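Asker: First, the structure itself, so that you have it in front of you.
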Amino acid sequence: MRCEECLPLVEEYFDGELDEPMVNLVAEHVTACARCATEYQKLEREQELYLSYECDAEVAPAFWNNVKAQAARESIRSPKLSQRFGRLFAGLQSNFSAPRFSATLTASIVLVAIGITAGVMLYINSRGKTANTAERISQKESTPATASQPAPNQVAGRDEQSKTAVAGQREIEKDLNKRQLVQNRDERKANQSLAVQRGTVPRTTMKTDAQLRKQTPDQLIREAEQKYLAAIAMLSRDVSRHRSKLDSETAMRFERTLAEIDRTIMDTRRAVREHPGDPIAAQYMLTAYAKKVDVLREMIGY
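In the numbering used here, the protein residues as written are 10 to 311.
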């Protein structure tokens, strides 16, 4: 081994960083070569100098006391911050883990939203036209009989409200009749005598269009609300029987959703009582009932 090859490896050999074959070669060369041996001895003297060196500078005790006090304060503050962030992320997680509705329900909600938007626009336009019509009548007509006649837009608004309530009522009646048929069929299979007794109970009958037109919009809305309440009660009984099939996390998500819907129903019912002639308030209330029916159906089919 030549000196040109050994000199770059002397420092690594001194530090013990060479592998076994190279260590033997460098050791033999250092023993035989005076130049490389001198370099090795130089490294030994430098190491002895560094080891004998003592630092006169010392850290004051007050410095370490300040460090310990600051570390203690940080350790007390960290659990509080972690608890705050934990509550924040827990709230975000609960919001993003809401129940996932089916595609049919999503489409229904979109259609309901479109219908509500259209109803709001029609209601706003009808109010503007009604105000203009009333002003023209007060200027041109002097007889109280003519002034008391309802404007065409008001009549159209009442007709639209009646049609909406009739459609919602007929939909609920169809659903109740269908569920009643299924329930009666199951009861006949389980107990023939019980089915005979149940057969005496009159089923919910569909009303004709003429009968529905004779009712006022408020009556139709109240009847549609009663139909929704009956459907919700029936579905709630089915949910109670199927609740054991749901895991705890899914059941909690559904319960939170139902609680929000119940609050919406209470608010819309209050609005309907305060504004009995407002078709938008009635539409919001019936939509909230329909959403609760959909959620209960999804819980049964989950």
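Here a beta-carbon is modelled for each residue, glycine too, at the ideal position from N, C-alpha and C. Because the structure is a prediction, the values reported are computed rather than measured.
#1: Answer with buried or exposed for phenylalanine 72, where buried requires no fewer than 16 other C-beta atoms within 10 angstroms of its C-beta.
#2: Grouping DSSP H, G and I as helix and E and B as strand, with all else coil, what is glycine 124?
#3: Does the region 288-305 come close enough to the region 235-255 to have 3 or more Cβ pairs within less than 8 Å?
#4: My assumption, with CB atoms under 8 Å, is that lysine 294 sits in contact with valine 281. Please give the rounded CB distance.
#5: Under 8 Å by Cβ, that's how I've got isoleucine 309 and leucine 244 pegged, so tell me the actual separation to the nearest angstrom.
#6: Apart from the five residues just before and just after cysteine 12, which ones in its own chain have a Cβ nearer than 7 Å to its Cβ?
#7: Compute the Euclidean distance between the alpha carbons of threonine 225 and serine 253, then round it to the nearest angstrom.
#8: Between methionine 31 and leucine 18, is the Cβ-Cβ spacing less than 8 Å?
#9: Taking only three categories from DSSP, how would you classify glutamate 14?
#10: Leaving out the 5 sequence neighbours to the left and right, which residues in its chain are closer than 6 Å to valine 39 when beta-carbon positions are compared?
#11: Just to confirm, is the Cβ distance from isoleucine 241 to valine 302 under 8 Å?
#12: Under three-state DSSP, which class holds glycine 310?
#13: What separation, rounded to the nearest whole angstrom, lies between the Cα atoms of leucine 34 and asparagine 75?
#14: To the nearest angstrom, report how far apart alanine 78 and proline 70 are at their CA atoms.
#15: DSSP on proline 285, reduced to helix/strand/coil?
#16: Going by C-alpha distance, which of Glu14, Gln56, Arg246, Met10 is nearest aspartate 24?
#17: Let me know the secondary structure DSSP gives cysteine 42 once reduced to three states.
#18: Can you tell me whether glutamate 20 is helix, strand or coil according to DSSP?
Answerer: The short version:
#1: exposed
#2: helix
#3: yes
#4: What sits at residue 294 in the sequence shown is methionine, not lysine. The distance from the Cβ of methionine 294 to that of valine 281 is about 5 Å, consistent with a contact at the 8 Å cut-off.
#5: The beta carbons of isoleucine 309 and leucine 244 sit about 7 Å from each other, so the pair counts as a contact at 8 Å.
#6: In its chain, beyond the 5 residues on either side, Cys42, Arg44, Cys45 have a beta carbon closer than 7 Å to the beta carbon of cysteine 12.
#7: 44 Å
#8: yes
#9: helix
#10: Residues of the same chain with a CB within less than 6 Å of the CB of valine 39, apart from the 5 flanking positions on each side, are Cys45, Ala46, Tyr49 in chain order.
#11: Between isoleucine 241 and valine 302, the C-beta spacing is below 8 Å.
#12: helix
#13: 54 Å
#14: 13 Å
#15: coil
#16: Gln56
#17: Cysteine 42: coil per DSSP, three-state reduction.
#18: In this structure, DSSP gives glutamate 20 a helical state, which the three-state scheme calls helix.
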